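*Asks:*
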C-alpha cells in the first residue's frame with residue numbers, strides 16, 4: 053500500500069483547507085476592491101432568451117471570460133448599486149442584502165450599437181433565480197464557491213470503504229509502474245461488443261480517447277445498447293456540459309422521447325436545449341433508465357452507499373479529471389464500470405502548491421486515471437481514429453500516442469484563406485495542422501507588448517475571412533496573459549461570439565477551426581507541460597499557430613515528446629518574426 057488511508061485523507065483535508073482559505077480571503081475583501089480587480093461585475097439585466105441570461109456591461113471595465121464560472125446575485129434595492137456598497141465585504145453584502153443567487157457560466161460576448169457597452173450571455177441559471185428578474189434590474193456577478201462538498205464526499209469514501217472490498221483495491225493501491233500499453237482499437241473493431249464482453253469478465257475497463265476520437269459518440273451508443281437490455285446506467289462527468297453533449301446524441305433520442313433519461317439539477321438553458329430531458333433532484337436508478345450527474349453529485353451518492361452497488365453500469369466520462377478517490381466512488385456505484393478519458397491530457401486542478409505535491413508524492417492521488425493505468429491490472433483500450441484532426445494534425449498529435457493516431461476527418465473540411473493578405477496567409481499550412489511562429493519575447497513578462505500585438509494582429513486579419521462561422525481560440529497558460537489578450541482583441545475587433553480567449557485548463561473538450569497557442573517567455577515549464585501542450589495543440593480542425601520565444605527550443609527542462617513535436621515542426625513549417633517598434637497601430 054503506497055498511501056495509508058490516513059495519508060489519503062490528509063491530502064483531501066489539505067486541499068479542502070487550501071480551497072477554503074483562498075475563498076474566505078477573497079470574500080472577506082471589500083466588494084468595491086473586488087470590483088476594481090475585475091473579480092466582481094455589476095451588470096444590468098437585458099433579457100432571458102433561449103434559456104440564457106443576457107446582461108449588459110460597461111466597456112470601461114472588463115467583462116467575464118467565456119467559460120468563466122461565477123455566482124450571480126440579486127441584492128436588495130438599498131445595496132443593488134455598487135455606489136452604495138461603502139467598505140462592506142463581499143461576504144457581508146451577500147449575507148445581509150442578498151435576495152437570491154445562482155451559479156452561472158459565461159458562454160458568449162458581443163458588442164452593442166452603443167460603443168460604451170457590451171453584452172454577454174450566461175447559462176446554468178436556476179428557474180427560481182430567473183423568476184425574480186425584472187426589467188433592467190442590477191445583477192452582480194461574484195466569485196464561485198469552491199466544491200467543498202465534493203471533497204468532503206471523497207473523504208467519506210476513503211474513510212468508509214471496507215478493506216478488501218472492490219473499491220479498496222483502488223484506494224489501497226501499490227506502485228508497480230506496469231508500463232501501461234492499451235490495446236489499439238480502430239474503426240473496423242466492433243467496439244461495443246468488445247467492451248461488453250470484457251466487462252462480463254473483468255467488471256471494469258479503461259477506454260483511452262485521444263483528441264477527437266469520438267468518446268461521446270461511443271458513450272451514447274453504448275448507453276443506448278445497455279438501456280435496450282433493461283440495464284440501469286449512470287454517466288458521471290466533471291462538467292454539466294459533457295453530460296448535455298452526451299444527451300444530445302442521436303442514439304439517445306428514443307430514450308429521451310420515452311422519458312428514460314434523467315439529469316440532476318437541470319438548468320433553464322439545458323431544459324431549453326433538450327426539452328425531453330427530465331429534471332431530478334436525486335439520482336434515479338431503475339432498469340432501462342439513464343441518469344446523468346456530475347462528479348459532485350455522484351460522489352455524494354457514493355459516500356452513502358452501504359453495500360451492493362445500485363447501478364448495473366457506471367460510465368465515468370472526463371476520467372482524466374477525476375481524483376483517485378472519485379474512481380473508488382464509481383466502483384461503489386456500479387457493478388460494472390467503464391472509465392473513459394485520456395491520462396495524457398489535463399489532470400484535476402488542485403490548489404495545493406507544487407512543492408507540496410512533489411514532496412508528498414501526491415500526484416498519485418491527484419492524477420487518478422494515470423495511477424490506475426500505471427498501477428492496476430485493468431483491461432485497457434485506446435481509440436485510434438480521430439474525426440477532428442487532419443492527416444497532418446494527427447501526425448503531430450500522434451507523437452504523444454506512439455504514432456498510433458489515424459485521421460478519419462472528413463475530406464470535405466476545407467477552409468478558404470484567399471481573403472487573407474500574403475503576410476498572414478503564409479502562416480496557414482494548406483494541409484492544416486500546426487505552424488511554429490518564433491519571435492523575441494522579453495524574459496519574465498507574462499504579457500509582452502509585441503507578443504500581444506502579434507496575437508491581436510492575427511485575429512484582426514482572420515476576421516477578414518468571409519466564413520463568418522469560423523471559430524477561433526486563443527489559448528495560453530497564464531490568467532494575466534489571457535486578460536491582456538482579451539483587452540487587446542476587444543479594443544480592435546470588439547467582443548465576438550466566435551472568438552474564445554482562455555486558459556488551457558478550461559478548454560479540454562473544446563473543438564474549433566483555428567487555435568492560436570501563445571507561450572510567453574515566463575514560467576515556461578508550465579506552458580510546456582506535456583498534458584497541457586497536448587490539449588492546447590489538438591483543439592483545431594484546421595490550423596494551430598504556436599507563438600513562442602525563439603530560444604524556447606533550447607529550454608533545458610522540456611518534456612522529450614514536446615521537444616520532439618517542436619523540433620519536427622521547426623524543420624517542417626516555421627517562421628521567424630523580428631520584433632518591430634512602431635507596432636502600436638495595427639496594419
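In my numbering, the protein residues as written are 53 to 639. Ideal placement from N, C-alpha and C gives every residue a C-beta, glycine not left out. None of the values given here were measured: they were computed from a predicted structure.
Just to check my reading of the structure: residue 376 and residue 222 have Cβ atoms closer than 8 Å, yes? What is that Cβ distance to the nearest angstrom?
*Replies:* Within the chain shown, the letter at position 324 stands for residue 376. Within the chain shown, the letter at position 170 stands for residue 222. About 7 Å; that satisfies the 8 Å criterion.
*Asks:* Label residue 578 either buried or exposed according to how many other C-beta atoms from any shown protein chain fall within 10 Å of its C-beta, with 16 as the threshold for buried.
*Replies:* Counting from 1 along the chain shown, the entry for residue 578 is found at position 526. So residue 578 ends up on the exposed side.
*Asks:* Are the beta-carbon atoms belonging to residue 571 and residue 604 less than 8 Å from one another?
*Replies:* By one-based count along the chain shown, residue 571 stands at place 519. By one-based count along the chain shown, residue 604 stands at place 552. Contact: yes.
*Asks:* What does the alpha-carbon distance come out to for the pair residue 86 and residue 138?
*Replies:* Within the chain shown, residue 86 is the residue found at index 34, counting from 1. Within the chain shown, residue 138 is the residue found at index 86, counting from 1. Cα-Cα distance, rounded: 13 Å.
*Asks:* Count the other CB atoms within 10 Å of the CB of residue 554; is the residue buried (16 or more) or exposed (fewer)?
*Replies:* As a working note, residue 554 is residue 502 in the chain shown. Under this definition residue 554 is a buried residue.
*Asks:* Using only the alpha-carbon positions, how far apart do residue 326 and residue 147 sit?
*Replies:* If you number the chain shown from 1, residue 326 lands on position 274. If you number the chain shown from 1, residue 147 lands on position 95. Roughly 35 Å between the two C-alpha positions.
*Asks:* Quick check: the region 250-270 against the region 77-93, are at least 3 beta-carbon pairs closer than 8 Å?
*Replies:* Judged by Cβ distances under 8 Å, the region 77-93 makes no contact with the region 250-270, as fewer than three pairs qualify.
*Asks:* Out of 352, 385 and 372, which one is the CA nearest neighbour of residue 362?
*Replies:* Position 310 of the chain shown holds residue 362. Among 352, 385 and 372, the Cα nearest to that of residue 362 belongs to 385.
*Asks:* First and last residue of the alpha helix (DSSP H) that includes residue 248?
*Replies:* Position 196 of the chain shown holds residue 248. Run containing residue 248: 243-254, per the alpha helix (DSSP H) assignment.
*Asks:* Would a C-beta distance cut-off of 8 Å place residue 237 and residue 272 closer than the cut-off?
*Replies:* The residue given as residue 237 occupies position 185 in the chain shown. The residue given as residue 272 occupies position 220 in the chain shown. No. Outside cutoff.
*Asks:* Would you say the region 189-196 touches the region 120-128, given that touching needs at least three Cβ pairs under 8 Å?
*Replies:* Yes: the two stretches touch, three or more of their Cβ pairs being nearer than 8 Å.
*Asks:* Quick one: what's got a C-beta closer than 7 Å to residue 371's C-beta in the same chain, skipping five residues either side?
*Replies:* Translated into positions along the chain shown, residue 371 becomes position 319. Result list for residue 371: 391, 392, 393 and 421, in chain order.
*Asks:* Mapping the DSSP letters down to three states, classify residue 128 as helix, strand or coil.
*Replies:* Counting from one through the chain shown, the residue named residue 128 turns up at place 76. Coil.
*Asks:* Do residue 409 and residue 67 come within 8 Å of each other at the CB atom, strictly closer than that value?
*Replies:* Against the chain shown, residue 67 aligns to sequence position 15. Against the chain shown, residue 409 aligns to sequence position 357. Going by C-beta atoms, residue 67 is not nearer than 8 Å to residue 409.
*Asks:* What three-state label does DSSP hand residue 539 in the structure shown?
*Replies:* Translated into the one-based positions of the chain shown, residue 539 becomes position 487. Helix, per DSSP.
*Asks:* Which residue from 174, 60, 111 and 482 puts its Cα closest to that of residue 100?
*Replies:* Numbered from its first residue, the chain shown carries residue 100 at position 48. Here the closest residue by C-alpha is 174.
*Asks:* Pick out whichever of 190, 200, 300 and 214 has its Cα sitting closest to the Cα of residue 70.
*Replies:* Along the chain shown, read from residue 1 onward, the residue named residue 70 stands at position 18. Measuring from the Cα of residue 70, the nearest candidate turns out to be 200.
*Asks:* Let me make sure I understand the geometry here. Which of 172, 62, 152 and 419 has the alpha-carbon closest to that of residue 114?
*Replies:* Here residue 114 refers to the residue found at position 62 when the chain shown is read from its first residue. Ranking the options by Cα distance to residue 114, first place goes to 172.
*Asks:* Hey, out of 292, 129 and 304, whose CA is closest to residue 269's CA?
*Replies:* Position 217 of the chain shown, counted from the start, is the residue given in the question as residue 269. It is 304.
*Asks:* Determine which residues share a DSSP beta bridge with residue 601 and list them.
*Replies:* As a position in the chain shown, residue 601 is number 549, starting the count at 1. 491, per the DSSP bridge assignment.
*Asks:* How far does the alpha helix (DSSP H) with residue 144 in it extend, from its first residue to its last?
*Replies:* The count along the chain shown starts at 1 and reaches residue 144 at position 92. Run containing residue 144: 142-149, per the alpha helix (DSSP H) assignment.
*Asks:* So which of 229, 250, 332 and 226 has the shortest CA-CA distance to residue 235?
*Replies:* Locating residue 235 in the chain shown gives position 183, counting from the first residue. For residue 235, the nearest C-alpha among the options comes from 250.
*Asks:* Excluding sequence positions up to five away, which residues of its chain have a Cβ less than 8 Å from the Cβ of residue 168?
*Replies:* One-based indexing of the chain shown puts residue 168 at position 116. So the qualifying residues of the chain are 110, 111 and 112.
*Asks:* Residues in its own chain within less than 6 Å of residue 267 by CB, not counting five upstream and five downstream?
*Replies:* Within the chain shown, the letter at position 215 stands for residue 267. Within the same chain, residue 267 has close Cβ partners 261 and 392.
*Asks:* Give me, in chain order, the residues of the same chain whose beta-carbon lies closer than 6 Å to that of residue 350; leave out the 5 immediate sequence neighbours on both sides.
*Replies:* Looking up residue 350 in the chain shown gives position 298. Only 288 meet the Cβ criterion.
*Asks:* Measuring alpha carbon to alpha carbon, tell me which of 509, 523 and 286 ends up nearest residue 562.
*Replies:* Position 510 of the chain shown, counted from the first residue, corresponds to residue 562. That would be 523, whose Cα lies nearest to the Cα of residue 562.
*Asks:* Rounded to a whole number of angstroms, what is the C-alpha to C-alpha distance between residue 630 and residue 491?
*Replies:* The residue you call residue 630 lines up with position 578 of the chain shown. The residue you call residue 491 lines up with position 439 of the chain shown. Approximately 6 Å, taken between the alpha carbons.
*Asks:* So, for residue 154: in the same chain, excluding its five sequence neighbours on each side, which residues have a beta-carbon less than 6 Å away from its beta-carbon?
*Replies:* By 1-based counting over the chain shown, the position of residue 154 is 102. Excluding positions up to five away in sequence, the list reads 124, 177, 178 and 181.
*Asks:* Would you tell me roughly how many angstroms separate the C-alpha atoms of residue 65 and residue 203, rounded to the nearest one?
*Replies:* Residue numbering aside, residue 65 sits at position 13 when the chain shown is read from its first letter. Residue numbering aside, residue 203 sits at position 151 when the chain shown is read from its first letter. Going from the Cα of residue 65 to the Cα of residue 203 covers about 8 Å.
*Asks:* Taking 8 Å as the limit between beta carbons, can you name the residues of its chain near residue 549, skipping five residues before and five after?
*Replies:* Mapped onto the chain shown, residue 549 falls at position 497. 160, 161 and 162.
*Asks:* Does residue 77 pass the burial test, meaning 16 or more other C-beta atoms within 10 Å, or should it be called exposed?
*Replies:* Residue numbering aside, residue 77 sits at position 25 when the chain shown is read from its first letter. Answer is exposed; the Cβ neighbour count stays below 16.
*Asks:* Measuring straight from C-alpha to C-alpha, what distance separates residue 285 and residue 600?
*Replies:* Within the chain shown, the letter at position 233 stands for residue 285. Within the chain shown, the letter at position 548 stands for residue 600. Using only the alpha carbons, I get a separation of about 46 Å.
*Asks:* Under 8 Å, do residue 445 and residue 484 count as touching if we go by C-beta distance?
*Replies:* Here residue 445 is taken as the residue at index 393 of the chain shown, counted from 1. Here residue 484 is taken as the residue at index 432 of the chain shown, counted from 1. A contact, by the Cβ cut-off of 8 Å.
*Asks:* Comparing C-alpha positions only, which one of 156, 557 and 415 sits nearest to residue 317?
*Replies:* As a position in the chain shown, residue 317 is number 265, starting the count at 1. The candidate whose alpha carbon is nearest that of residue 317 is 156.
*Asks:* For residue 96, which residues does DSSP report across the bridge?
*Replies:* Along the chain shown, one-based indexing puts residue 96 at 44. DSSP output for residue 96 lists 108 and 190 as bridge partner(s).
*Asks:* Could you name the residues of the same chain whose beta carbon sits closer than 7 Å to that of residue 516, not counting the 5 residues immediately before and after it, in chain order?
*Replies:* In the chain shown, the residue the question calls residue 516 occupies position 464. Excluding residues within five positions, the ones whose Cβ falls inside 7 Å are 471 and 472.
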